[in-house]
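Peer 1: Numbering (my numbering), first residue to last: 11 to 276. Glycine included, every Cβ here is placed at the ideal spot set by N, Cα and C. Submitted below is the structure of interest, expressed as C-alpha coordinates.
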Amino acid sequence: GMGNAFLANIREADAICQVVRAFSDDNVIHVDGRVDPANDISVINTELILADLQTIEKALPRLEKDGRKDKDIAATAAEAKKAQAVLEDDRTLFAAAKSGEIDLALVRDLHLMTAKPFLYVFNSDEAVLTDEARKAELRDLVAPAEAVFLDAQTETELLELDDADAAELLAAVGQNEPGLATLAKAGFDTLGLQTYLTAGPKESRAWTIRKGDTAPKAAGVIHTDFEKGFIKAEVVAFDDLDQLGSMAEARAAGKVRQEGKDYVMA
(Lines of atoms letter the chains of each structure in order from A; the text may use other names.)
(Lines give C-alpha, C1' and ligand atoms only; values in the text may rest on other atoms or scores of the structure.)
Protein backbone atom coordinates (compact mmCIF):
# COMPACT_ATOMS: atom_id res chain seq x y z
CA GLY A 11 0.00 0.00 0.00
CA MET A 12 0.94 3.63 -0.34
CA GLY A 13 2.44 5.27 2.73
CA ASN A 14 0.95 8.38 4.30
CA ALA A 15 3.91 10.49 3.18
CA PHE A 16 3.47 9.36 -0.43
CA LEU A 17 -0.25 10.10 -0.33
CA ALA A 18 0.51 13.52 1.13
CA ASN A 19 2.82 14.24 -1.81
CA ILE A 20 0.09 13.23 -4.26
CA ARG A 21 -2.37 15.48 -2.45
CA GLU A 22 -0.13 18.48 -3.18
CA ALA A 23 0.24 17.65 -6.89
CA ASP A 24 -1.73 19.37 -9.66
CA ALA A 25 -2.27 16.13 -11.58
CA ILE A 26 -1.60 12.40 -11.27
CA CYS A 27 0.49 10.64 -13.90
CA GLN A 28 0.52 6.86 -13.63
CA VAL A 29 3.26 4.94 -15.45
CA VAL A 30 1.84 1.51 -16.22
CA ARG A 31 3.76 -1.51 -17.46
CA ALA A 32 2.42 -2.87 -20.74
CA PHE A 33 5.52 -4.66 -22.06
CA SER A 34 6.42 -8.33 -21.75
CA ASP A 35 9.96 -9.27 -20.70
CA ASP A 36 10.81 -12.32 -18.61
CA ASN A 37 14.01 -10.58 -17.48
CA VAL A 38 12.06 -7.76 -15.83
CA ILE A 39 10.11 -9.11 -12.87
CA HIS A 40 6.62 -7.82 -12.14
CA VAL A 41 5.71 -7.73 -8.45
CA ASP A 42 2.57 -9.79 -9.16
CA GLY A 43 4.32 -12.18 -11.51
CA ARG A 44 2.21 -11.14 -14.52
CA VAL A 45 1.71 -8.13 -16.77
CA ASP A 46 -1.82 -6.84 -16.20
CA PRO A 47 -2.24 -3.08 -16.78
CA ALA A 48 -5.92 -3.13 -15.76
CA ASN A 49 -5.09 -4.68 -12.39
CA ASP A 50 -2.14 -2.35 -11.78
CA ILE A 51 -4.33 0.69 -12.45
CA SER A 52 -7.11 -0.68 -10.26
CA VAL A 53 -4.72 -1.22 -7.33
CA ILE A 54 -3.50 2.39 -7.42
CA ASN A 55 -6.94 3.89 -7.99
CA THR A 56 -8.46 1.83 -5.18
CA GLU A 57 -5.93 3.26 -2.71
CA LEU A 58 -6.67 6.80 -3.88
CA ILE A 59 -10.42 6.19 -3.71
CA LEU A 60 -10.18 4.79 -0.17
CA ALA A 61 -8.11 7.79 0.94
CA ASP A 62 -10.72 10.16 -0.53
CA LEU A 63 -13.55 8.28 1.17
CA GLN A 64 -11.73 8.65 4.48
CA THR A 65 -11.33 12.40 3.88
CA ILE A 66 -15.03 12.84 3.10
CA GLU A 67 -16.16 10.73 6.06
CA LYS A 68 -14.12 12.96 8.38
CA ALA A 69 -15.32 16.20 6.78
CA LEU A 70 -19.04 15.47 6.36
CA PRO A 71 -20.18 15.86 10.00
CA ARG A 72 -18.60 19.32 10.20
CA LEU A 73 -19.92 20.34 6.77
CA GLU A 74 -23.45 19.23 7.63
CA LYS A 75 -23.37 21.05 10.96
CA ASP A 76 -21.98 24.31 9.53
CA GLY A 77 -24.24 23.98 6.50
CA ARG A 78 -27.30 24.61 8.67
CA LYS A 79 -26.15 28.22 9.00
CA ASP A 80 -24.37 28.77 5.67
CA LYS A 81 -25.90 27.88 2.30
CA ASP A 82 -22.50 27.75 0.58
CA ILE A 83 -21.26 25.17 3.07
CA ALA A 84 -24.55 23.30 2.66
CA ALA A 85 -23.88 23.12 -1.09
CA THR A 86 -20.42 21.73 -0.40
CA ALA A 87 -21.88 19.12 1.96
CA ALA A 88 -24.41 18.04 -0.68
CA GLU A 89 -21.70 17.75 -3.34
CA ALA A 90 -19.46 15.84 -0.91
CA LYS A 91 -22.24 13.27 -0.54
CA LYS A 92 -22.41 12.97 -4.32
CA ALA A 93 -18.65 12.49 -4.37
CA GLN A 94 -18.94 9.83 -1.70
CA ALA A 95 -21.46 7.90 -3.81
CA VAL A 96 -19.17 8.06 -6.85
CA LEU A 97 -16.21 6.78 -4.85
CA GLU A 98 -18.25 3.99 -3.29
CA ASP A 99 -19.05 2.95 -6.86
CA ASP A 100 -15.28 2.49 -7.36
CA ARG A 101 -14.96 5.45 -9.74
CA THR A 102 -12.69 8.47 -9.68
CA LEU A 103 -14.10 11.96 -9.23
CA PHE A 104 -12.11 13.06 -12.28
CA ALA A 105 -14.11 10.66 -14.47
CA ALA A 106 -17.39 11.65 -12.81
CA ALA A 107 -16.69 15.34 -13.37
CA LYS A 108 -15.93 14.71 -17.04
CA SER A 109 -19.40 13.17 -17.44
CA GLY A 110 -21.04 16.07 -15.58
CA GLU A 111 -22.06 14.06 -12.51
CA ILE A 112 -20.27 16.26 -10.01
CA ASP A 113 -19.07 19.85 -9.65
CA LEU A 114 -15.48 19.64 -8.42
CA ALA A 115 -15.38 23.36 -7.65
CA LEU A 116 -17.74 22.77 -4.72
CA VAL A 117 -15.43 20.20 -3.09
CA ARG A 118 -12.11 21.81 -4.02
CA ASP A 119 -11.28 22.68 -0.41
CA LEU A 120 -11.38 18.98 0.52
CA HIS A 121 -8.29 18.36 -1.66
CA LEU A 122 -9.59 15.02 -2.90
CA MET A 123 -6.96 13.11 -4.83
CA THR A 124 -9.17 11.42 -7.43
CA ALA A 125 -10.54 14.85 -8.37
CA LYS A 126 -7.17 15.68 -9.91
CA PRO A 127 -6.62 15.26 -13.66
CA PHE A 128 -5.25 11.83 -14.54
CA LEU A 129 -2.72 10.94 -17.24
CA TYR A 130 -1.59 7.39 -18.03
CA VAL A 131 1.74 6.48 -19.59
CA PHE A 132 1.91 2.91 -20.85
CA ASN A 133 5.52 1.71 -20.91
CA SER A 134 5.19 -0.55 -23.92
CA ASP A 135 7.21 -2.70 -26.31
CA GLU A 136 7.11 -2.86 -30.10
CA ALA A 137 4.30 -5.44 -29.98
CA VAL A 138 2.03 -2.96 -28.20
CA LEU A 139 3.22 0.17 -30.03
CA THR A 140 2.37 -1.37 -33.41
CA ASP A 141 -0.94 -2.92 -32.29
CA GLU A 142 -3.66 -0.28 -32.77
CA ALA A 143 -6.37 -2.57 -31.40
CA ARG A 144 -4.44 -3.13 -28.16
CA LYS A 145 -3.75 0.59 -27.78
CA ALA A 146 -7.43 1.36 -28.34
CA GLU A 147 -8.29 -1.18 -25.64
CA LEU A 148 -5.92 0.49 -23.18
CA ARG A 149 -7.23 3.95 -24.07
CA ASP A 150 -10.76 2.76 -23.36
CA LEU A 151 -9.54 1.36 -20.04
CA VAL A 152 -8.41 4.77 -18.77
CA ALA A 153 -10.91 7.06 -20.54
CA PRO A 154 -11.68 9.92 -20.06
CA ALA A 155 -8.03 10.36 -19.04
CA GLU A 156 -5.45 10.69 -21.79
CA ALA A 157 -3.14 7.78 -22.61
CA VAL A 158 0.44 8.00 -23.89
CA PHE A 159 2.36 5.02 -25.25
CA LEU A 160 6.13 4.87 -25.23
CA ASP A 161 8.98 2.40 -24.88
CA ALA A 162 11.42 3.59 -22.22
CA GLN A 163 14.20 1.51 -23.76
CA THR A 164 13.58 3.03 -27.20
CA GLU A 165 13.49 6.53 -25.70
CA THR A 166 16.94 5.94 -24.21
CA GLU A 167 18.28 4.76 -27.58
CA LEU A 168 16.80 7.78 -29.37
CA LEU A 169 18.90 10.13 -27.26
CA GLU A 170 22.06 8.65 -28.80
CA LEU A 171 20.94 8.73 -32.47
CA ASP A 172 21.11 11.41 -35.14
CA ASP A 173 17.88 12.66 -36.71
CA ALA A 174 17.89 10.21 -39.63
CA ASP A 175 18.51 7.13 -37.50
CA ALA A 176 16.01 8.33 -34.90
CA ALA A 177 13.32 8.73 -37.56
CA GLU A 178 14.03 5.22 -38.82
CA LEU A 179 13.76 3.74 -35.33
CA LEU A 180 10.51 5.60 -34.64
CA ALA A 181 9.00 4.35 -37.89
CA ALA A 182 9.92 0.79 -36.94
CA VAL A 183 7.83 1.04 -33.76
CA GLY A 184 4.95 2.91 -35.37
CA GLN A 185 5.61 6.37 -33.89
CA ASN A 186 5.78 9.78 -35.56
CA GLU A 187 7.71 11.46 -32.76
CA PRO A 188 9.58 10.45 -29.59
CA GLY A 189 7.29 9.30 -26.80
CA LEU A 190 8.73 11.92 -24.46
CA ALA A 191 7.59 14.67 -26.84
CA THR A 192 4.11 13.16 -26.89
CA LEU A 193 4.18 12.94 -23.10
CA ALA A 194 5.16 16.60 -22.75
CA LYS A 195 2.22 17.66 -24.92
CA ALA A 196 -0.17 15.38 -23.04
CA GLY A 197 1.11 16.71 -19.72
CA PHE A 198 0.45 20.28 -20.79
CA ASP A 199 -3.03 19.33 -21.99
CA THR A 200 -3.82 17.47 -18.76
CA LEU A 201 -2.72 20.44 -16.66
CA GLY A 202 -4.67 22.88 -18.81
CA LEU A 203 -1.53 24.66 -19.98
CA GLN A 204 -0.37 26.03 -23.30
CA THR A 205 2.53 28.08 -24.66
CA TYR A 206 2.74 31.27 -26.62
CA LEU A 207 5.77 32.75 -28.35
CA THR A 208 7.37 36.17 -28.22
CA ALA A 209 9.95 37.27 -30.77
CA GLY A 210 12.43 40.13 -30.73
CA PRO A 211 15.69 41.10 -32.45
CA LYS A 212 17.79 39.01 -30.07
CA GLU A 213 15.66 35.99 -29.20
CA SER A 214 12.41 34.12 -29.52
CA ARG A 215 10.95 32.56 -26.41
CA ALA A 216 8.08 30.32 -25.34
CA TRP A 217 6.02 31.24 -22.27
CA THR A 218 3.72 28.92 -20.34
CA ILE A 219 0.18 30.10 -19.57
CA ARG A 220 -3.13 28.51 -18.64
CA LYS A 221 -5.65 27.72 -21.36
CA GLY A 222 -8.21 30.50 -21.46
CA ASP A 223 -5.83 33.21 -20.24
CA THR A 224 -6.35 36.65 -21.75
CA ALA A 225 -3.59 38.67 -23.43
CA PRO A 226 -2.93 40.83 -20.31
CA LYS A 227 -2.61 37.69 -18.18
CA ALA A 228 -0.18 36.24 -20.70
CA ALA A 229 1.83 39.46 -20.68
CA GLY A 230 2.01 39.26 -16.89
CA VAL A 231 3.94 36.00 -17.16
CA ILE A 232 6.78 37.98 -18.75
CA HIS A 233 6.56 40.81 -16.18
CA THR A 234 3.80 41.94 -13.85
CA ASP A 235 4.20 45.53 -15.11
CA PHE A 236 3.24 44.35 -18.59
CA GLU A 237 -0.09 43.09 -17.27
CA LYS A 238 -0.81 46.28 -15.35
CA GLY A 239 0.03 48.56 -18.27
CA PHE A 240 -1.36 46.37 -21.05
CA ILE A 241 -3.09 48.26 -23.88
CA LYS A 242 -2.89 45.98 -26.91
CA ALA A 243 -0.78 43.23 -28.44
CA GLU A 244 0.36 42.43 -31.95
CA VAL A 245 -0.57 38.85 -32.79
CA VAL A 246 0.53 36.65 -35.67
CA ALA A 247 0.14 32.92 -36.20
CA PHE A 248 3.43 31.03 -35.93
CA ASP A 249 2.91 29.26 -39.27
CA ASP A 250 2.42 32.61 -41.01
CA LEU A 251 5.52 34.11 -39.40
CA ASP A 252 7.57 31.00 -40.18
CA GLN A 253 6.48 31.06 -43.82
CA LEU A 254 6.97 34.81 -44.35
CA GLY A 255 10.24 35.06 -42.42
CA SER A 256 9.81 38.29 -40.44
CA MET A 257 7.29 40.49 -38.68
CA ALA A 258 7.76 43.12 -41.39
CA GLU A 259 6.80 40.64 -44.10
CA ALA A 260 3.91 39.36 -41.99
CA ARG A 261 2.60 42.92 -41.59
CA ALA A 262 2.94 43.54 -45.31
CA ALA A 263 0.95 40.39 -46.00
CA GLY A 264 -1.79 41.46 -43.59
CA LYS A 265 -1.13 38.57 -41.21
CA VAL A 266 -0.50 40.72 -38.12
CA ARG A 267 -3.45 41.96 -36.11
CA GLN A 268 -3.92 43.97 -32.92
CA GLU A 269 -5.81 42.48 -29.99
CA GLY A 270 -7.08 44.17 -26.84
CA LYS A 271 -7.50 43.26 -23.18
CA ASP A 272 -10.29 40.72 -23.73
CA TYR A 273 -8.39 38.62 -26.28
CA VAL A 274 -8.12 34.98 -25.21
CA MET A 275 -4.79 33.50 -26.20
CA ALA A 276 -5.14 30.85 -28.90
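Starting from THR205, follow the beta strand (DSSP E) in both directions and report where the run begins and ends.
Peer 2: For the purposes of this step, residue 205 is taken as the residue at position 195 of the sequence shown. Element bounds for THR205: 203–209.
Peer 1: Go ahead and pull the three-state DSSP assignment for VAL246.
Peer 2: Position 236 of the sequence shown holds residue 246. Reduced to three states, the DSSP call for VAL246 is coil.
Peer 1: Rounding to the nearest angstrom, what Cα-Cα distance links VAL131 and ALA196 in this structure?
Peer 2: Position 121 of the sequence shown, counting from 1, holds the residue named residue 131. Position 186 of the sequence shown, counting from 1, holds the residue named residue 196. For VAL131 and ALA196, the distance between alpha carbons rounds to 10 Å.
Peer 1: For GLN1, which residues from the same chain have a beta carbon less than 6 Å from its beta carbon, with the 5 sequence-adjacent residues on both sides left out?
Peer 2: Not covered by the structure: residue 1. The range shown for the chain is 11 to 276.
Peer 1: Is the region 140–152 close to the region 33–45, with three or more CB pairs under 8 Å?
Peer 2: Touching, no, given that fewer than three Cβ pairs across the two stretches are closer than 8 Å.
Peer 1: Is there contact here, the region 177–188 with the region 217–235, by at least three beta-carbon pairs under 8 Å?
Peer 2: Flag = no, the region 177–188 and the region 217–235 do not touch.
Peer 1: Do you know offhand how far VAL53's Cα is from ILE20's?
Peer 2: On the sequence shown, position 43 is the one that residue 53 refers to. On the sequence shown, position 10 is the one that residue 20 refers to. Whole-angstrom Cα-Cα distance: 16 Å.
Peer 1: Can you tell me whether ALA61 is helix, strand or coil according to DSSP?
Peer 2: Indexing the sequence shown from 1 puts residue 61 at position 51. Three-state result, ALA61: helix.
Peer 1: What is the rounded straight-line gap between the Cα of GLY239 and the Cα of LEU201?
Peer 2: To locate residue 239, count along the sequence shown from 1; it is residue 229. To locate residue 201, count along the sequence shown from 1; it is residue 191. So the alpha carbons of these two residues sit roughly 28 Å apart.
Peer 1: Can you tell me the Cβ-Cβ gap for LEU122 and ASP82, rounded? I've got them flagged as a contact below 8 Å.
Peer 2: As a working mapping, residue 122 is identified with position 112 in the sequence shown. As a working mapping, residue 82 is identified with position 72 in the sequence shown. Going by Cβ atoms, the distance from LEU122 to ASP82 rounds to 18 Å, so no, they are not a contact pair.
Peer 1: Quick check on this structure: which residue in GLN204, ARG267, CYS27 has the alpha carbon closest to the alpha carbon of ASN55?
Peer 2: Start at 1 with the first residue of the sequence shown, and residue 55 comes out as number 45. Selected option, being the one with the closest Cα: CYS27.
Peer 1: State the CB to CB distance for the pair ASP113 and GLU89, rounded to an integer number of angstroms; the pair is presumed to be in contact (CB under 8 Å).
Peer 2: If you number the sequence shown from 1, residue 113 lands on position 103. If you number the sequence shown from 1, residue 89 lands on position 79. ASP113 to GLU89, Cβ: 6 Å. Contact.
Peer 1: In the structure shown, what three-state DSSP assignment does ILE241 receive?
Peer 2: Along the sequence shown, one-based indexing puts residue 241 at 231. ILE241 falls in the coil class under three-state DSSP.
Peer 1: Between which two residues does the alpha helix (DSSP H) harbouring ARG144 extend?
Peer 2: Residue 144 sits at position 134 when you count from the first residue of the sequence shown. That run of the alpha helix (DSSP H) goes 142–152.
Peer 1: For ASN133, is the classification buried or exposed, using 16 other Cβ atoms within 10 angstroms of its Cβ as the cut-off for buried?
Peer 2: Counting from one through the sequence shown, the residue named residue 133 turns up at place 123. Its Cβ being crowded by 16 or more others within 10 Å, ASN133 is buried.
Peer 1: At the level of alpha carbons, what is the spacing between ARG31 and ASP135?
Peer 2: Taking the first residue of the sequence shown as 1, we reach residue 31 at position 21. Taking the first residue of the sequence shown as 1, we reach residue 135 at position 125. One C-alpha to the other measures close to 10 Å.
Peer 1: Per DSSP, which residues does ILE26 bridge with? Please list them.
Peer 2: Counted from its first residue, the sequence shown places residue 26 at position 16. Per DSSP, PHE128.
Peer 1: With respect to the beta strand (DSSP E) encompassing PHE159, which residues constitute its N-terminal and C-terminal limits?
Peer 2: For the purposes of this step, residue 159 is taken as the residue at position 149 of the sequence shown. 156–160 is the extent of the beta strand (DSSP E) around PHE159.
Peer 1: Taking ALA276 as part of the beta strand (DSSP E), name the residues at either end of that continuous run.
Peer 2: The count along the sequence shown starts at 1 and reaches residue 276 at position 266. No beta strand (DSSP E) contains ALA276, which DSSP labels as neither H nor E.
Peer 1: For the ligand SAH, I want to know if ASP119 counts as a neighbour, meaning its beta carbon is within less than 8 Å of at least one of the ligand's heavy atoms.
Peer 2: Among the components modelled here there is no ligand, and therefore nothing to report on the ligand SAH.
Peer 1: Based on Cα-Cα distance, which residue from LYS108, PHE33, GLU213, ASP24 lies nearest to ALA153?
Peer 2: Within the sequence shown, the letter at position 143 stands for residue 153. The option with the nearest alpha carbon to ALA153 is LYS108.
Peer 1: Taking all protein chains shown into account, do 16 or more other C-beta atoms lie within 10 angstroms of the C-beta of GLN64, making it buried, or fewer, making it exposed?
Peer 2: Along the sequence shown, read from residue 1 onward, the residue named residue 64 stands at position 54. By the neighbour-count rule (16 or more Cβ atoms within 10 Å), GLN64 is not buried but exposed.
Peer 1: Would you mind reading off the limits of the alpha helix (DSSP H) that contains THR224?
Peer 2: In the sequence shown, counting from the first residue as 1, residue 224 sits at position 214. That residue, THR224, is in no alpha helix (DSSP H); it is neither H nor E in DSSP.
Peer 1: Give me the Cα-Cα distance between LEU251 and SER214, rounded to the nearest whole angstrom.
Peer 2: Counting from 1 along the sequence shown, the entry for residue 251 is found at position 241. Counting from 1 along the sequence shown, the entry for residue 214 is found at position 204. The alpha-carbon atoms of LEU251 and SER214 are separated by roughly 12 Å.
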